[in-house]
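S.K.: Per this note's numbering, the sequence shown starts with residue 1, numbered consecutively. For every residue, glycine included, the Cβ atom is placed at its ideal position computed from N, Cα and C.
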Amino acid sequence: MTPVRTKGWPQWPPPATDEQRERLLRVLEGGAWGATAGGETESFATAFAESVGASYGVCTVNGTVALFLALRALGVRPGDEVIVPAYTFVASATAVVLAGARPVVADVLPDTLHLDPAAARRLAGPRSRAVMPVHLAGAPADTASLRSLGVPVVEDAAQAHGARLHGRPAGSLGDAGCFSFQSGKAMTAGEGGIVVTDDRHVYERLWSLHNVGRRIGGGWYEHPQLGWNLRMTEFQAAVLHPQLAVLEAQLEHRSARAAALAGALREVEGLEPVGVPEGTTRHTWHLAMLRYDRAAFGGHPKAAFLDAMAAEGIPLDAGYRSLSREPYTEGGPCPVAEAAEDTVVWVRQPMLMADDAAMADIGHAALVVQQAFRKRPFSR
Ligand SMILES: Cc1ncc(COP(=O)(O)O)c(C=O)c1O
């Protein structure tokens, strides 16, 4: 049988622009390839920080390292605890381990799957040294209610370039904001990351930590503190800088597609968009997360639904395993995040760069799969 969708999906990253080619070539031929030699990285860091309403930015090798640097710059030390949500990419927790601290995993809210501030409060103790809300799927987390924990707030904004909460950009909601430029992200150079902050003291520590312990204005072989080479290259910055100008239009596009998708799914019983946190004024739609109710699909499990949708030309994603299951985390069971493993599926960002007809295909394929599943209900 012909699948519902035979057409492909948009490529990500999108095709290179002339400006990216020109900037890349300028770096290549100029010979100043490292961040300490050229000006691309510095200029991109300033432009990106400005775009999210922060005073300072430090570019890094990736988003995991951005989180590690932010934790260290804000005083997290070996033996400390950092509260992280259970439903997130593994790097939110492994960055804590990299900093020598212990990731304490808190459950997420049932409607949005974002960090539950009440769960975070229950886990907070004398060793808590930071909390890391994740702007999951590109919707900003509630950073304000985490302030009452009395520890620094490190935003994991890896999926949230351009997101806004009550009009305020993600990245400027906590003490430091960390973004990823890995290949699947809204802005990408294949790899890369940035930490932004408003605090001059934190900036100077970040800068030193990522630049082998040097001091701004100090000598090449002067290393007053421990640090590492965690710098971005000029090539990455050259590829990234032009993306700032097109980000907003891409977010607009994905917002419109997310609305079309929600419309297409209205007719599909048992497949509903996961809720968007209150106060979200700009969602980046890195992911459109959907809740799959197997009871409405003849009892078939999520894995069977994903296979059947893929056969119809709709490659959805199974999403995360709860971090509460990982051996290097603490904090106890997280029933909401654990249940999400069986019930949540994702439509990824590149698919939301397609047109409204593609969103209608997703709805149509779900109906086709549902009818087939109902005809032969699941039995063990
Ligand atoms: C929520 C989240 N945190 C952290 C990261 C880590 O970023 P990177 O892959 O650039 O190290 C990612 C993405 O990969 C992510 O999605």
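Is ASP356 closer than 9 Å to ALA256 when the C-beta atoms are compared?
M.R.: Residue numbering aside, residue 256 sits at position 256 when the sequence shown is read from its first letter. Residue numbering aside, residue 356 sits at position 356 when the sequence shown is read from its first letter. Yes. Within cutoff.
S.K.: What distance in whole Å lies between the Cβ atoms of ALA186 and THR284, which are believed to be in contact at a cut-off of 8 Å?
M.R.: Sequence index remark: in the sequence shown, residue 284 carries index 284 (1-based). Sequence index remark: in the sequence shown, residue 186 carries index 186 (1-based). So it is a contact: roughly 5 Å between Cβ atoms.
S.K.: Could you tell me which residues DSSP puts in a beta bridge with TYR292?
M.R.: For the purposes of this step, residue 292 is identified with residue 292 of the sequence shown, where counting begins at 1. Note: TYR292 sits in a beta bridge opposite LEU271.
S.K.: Are the beta-carbon atoms belonging to ALA86 and VAL336 less than 9 Å from one another?
M.R.: Residue 86 sits at position 86 when you count from the first residue of the sequence shown. Residue 336 sits at position 336 when you count from the first residue of the sequence shown. Result yes, Cβ atoms of ALA86 and VAL336 sit closer than 9 Å.
S.K.: With which residues is TRP346 paired in a DSSP beta bridge?
M.R.: The count along the sequence shown starts at 1 and reaches residue 346 at position 346. TRP346 pairs with MET289 and ASP317.
S.K.: Tell me where the beta strand (DSSP E) around ALA176 begins and ends.
M.R.: Position 176 of the sequence shown, counted from the start, is the residue given in the question as residue 176. It spans 176 to 180 - the beta strand (DSSP E) in which ALA176 sits, taken as one unbroken run.
S.K.: Can you give the Cα-Cα distance for ALA262 and HIS364, rounded to whole angstroms?
M.R.: One-based indexing of the sequence shown puts residue 262 at position 262. One-based indexing of the sequence shown puts residue 364 at position 364. Roughly 12 Å between the two C-alpha positions.
S.K.: Please output, in chain order, the residues near ligand 1 using a CB cut-off of less than 6 Å to any non-hydrogen atom of the ligand.
M.R.: Listed along the chain, these residues meet the criterion: ASN62, GLY63, THR64, THR88, PHE89, ALA91, SER92, VAL134, ASP156, ALA158, GLN159, SER180, GLN182 and GLY193.
S.K.: Would the segment 274 to 281 and the segment 133 to 140 be scored as touching if the rule is three or more Cβ pairs under 8 Å?
M.R.: Touching, per the Cβ criterion.
S.K.: Checking 9 Å against the spacing of the C-beta atoms, do PHE48 and ILE194 come in under that value?
M.R.: Position 48 of the sequence shown, counted from the first residue, corresponds to residue 48. Position 194 of the sequence shown, counted from the first residue, corresponds to residue 194. In this structure, ILE194 lies closer than 9 Å to PHE48 by Cβ.
S.K.: Output the distance between the C-alpha atoms of VAL97 and ASP361, rounded to the nearest integer angstrom.
M.R.: Counting from 1 along the sequence shown, the entry for residue 97 is found at position 97. Counting from 1 along the sequence shown, the entry for residue 361 is found at position 361. Spanning the two alpha carbons is a distance of roughly 42 Å.
S.K.: Apart from the five residues on each side of it in sequence, which residues of its chain come closer than 7 Å, Cβ to Cβ, to GLU222?
M.R.: The residue labelled residue 222 in the question sits at position 222 within the sequence shown. Taken in chain order, the residues that qualify are ARG214 and ARG215.
S.K.: For ALA130, write down the residues that DSSP places opposite it in a beta bridge.
M.R.: Walking along the sequence shown from the start, residue 130 turns up at place 130. DSSP, once it has assigned bridges, lists VAL82 as partnering ALA130.
S.K.: Is it buried or exposed, ASN229, if we count other Cβ atoms within 10 angstroms and call 16 or more buried?
M.R.: On the sequence shown, position 229 is the one that residue 229 refers to. When all chains shown are included, ASN229 counts as exposed.
S.K.: Can you tell me whether DSSP reads ARG147 as helix, strand or coil?
M.R.: The residue you call residue 147 lines up with position 147 of the sequence shown. Reduced to three states, the DSSP call for ARG147 is helix.
S.K.: Compute the Euclidean distance between the alpha carbons of SER51 and ALA304, then round it to the nearest angstrom.
M.R.: In the sequence shown, the residue the question calls residue 51 occupies position 51. In the sequence shown, the residue the question calls residue 304 occupies position 304. Approximately 42 Å, taken between the alpha carbons.
S.K.: What does the Cβ neighbour count give for ALA366, buried or exposed, with the cut at 16 atoms within 10 Å?
M.R.: As a working note, residue 366 is residue 366 in the sequence shown. It counts as buried.
S.K.: Would you kindly check if the distance between the Cβ of VAL104 and the Cβ of VAL82 is under 9 Å?
M.R.: The residue labelled residue 82 in the question sits at position 82 within the sequence shown. The residue labelled residue 104 in the question sits at position 104 within the sequence shown. Their beta carbons are under 9 Å apart, which means VAL82 touches VAL104 by this criterion.
S.K.: What residue range is occupied by the uninterrupted beta strand (DSSP E) comprising VAL154?
M.R.: Residue numbering aside, residue 154 sits at position 154 when the sequence shown is read from its first letter. That run of the beta strand (DSSP E) goes 154 to 156.
S.K.: Please report the straight-line C-alpha distance between GLU267 and ARG348, rounded to a whole angstrom.
M.R.: For the purposes of this step, residue 267 is taken as residue 267 along the sequence shown, with counting starting at 1. For the purposes of this step, residue 348 is taken as residue 348 along the sequence shown, with counting starting at 1. Straight-line Cα distance between these residues: approximately 21 Å.
S.K.: At 3 residues or longer, and completely inside the segment 241 to 269: list those beta strand (DSSP E) runs for me, N to C.
M.R.: Counting whole runs of 3 or more residues, the segment 241 to 269 contains no beta strand (DSSP E) stretch at all.
S.K.: Curious, which full-length beta strand (DSSP E) runs of at least 3 residues does the segment 43 to 118 contain?
M.R.: Correct list: 56 to 60, 81 to 85 and 102 to 106.
S.K.: Name the two residues that bound the continuous beta strand (DSSP E) containing ARG216.
M.R.: What you label residue 216 is simply residue 216 of the sequence shown in a count that begins at 1. Checking the sequence, you will find Ile at residue 216 rather than Arg. Note, ILE216: premise wrong, no beta strand (DSSP E); not H, not E.
S.K.: How far does the alpha helix (DSSP H) with VAL202 in it extend, from its first residue to its last?
M.R.: Along the sequence shown, read from residue 1 onward, the residue named residue 202 stands at position 202. Segment 200 to 210, the alpha helix (DSSP H) holding VAL202.
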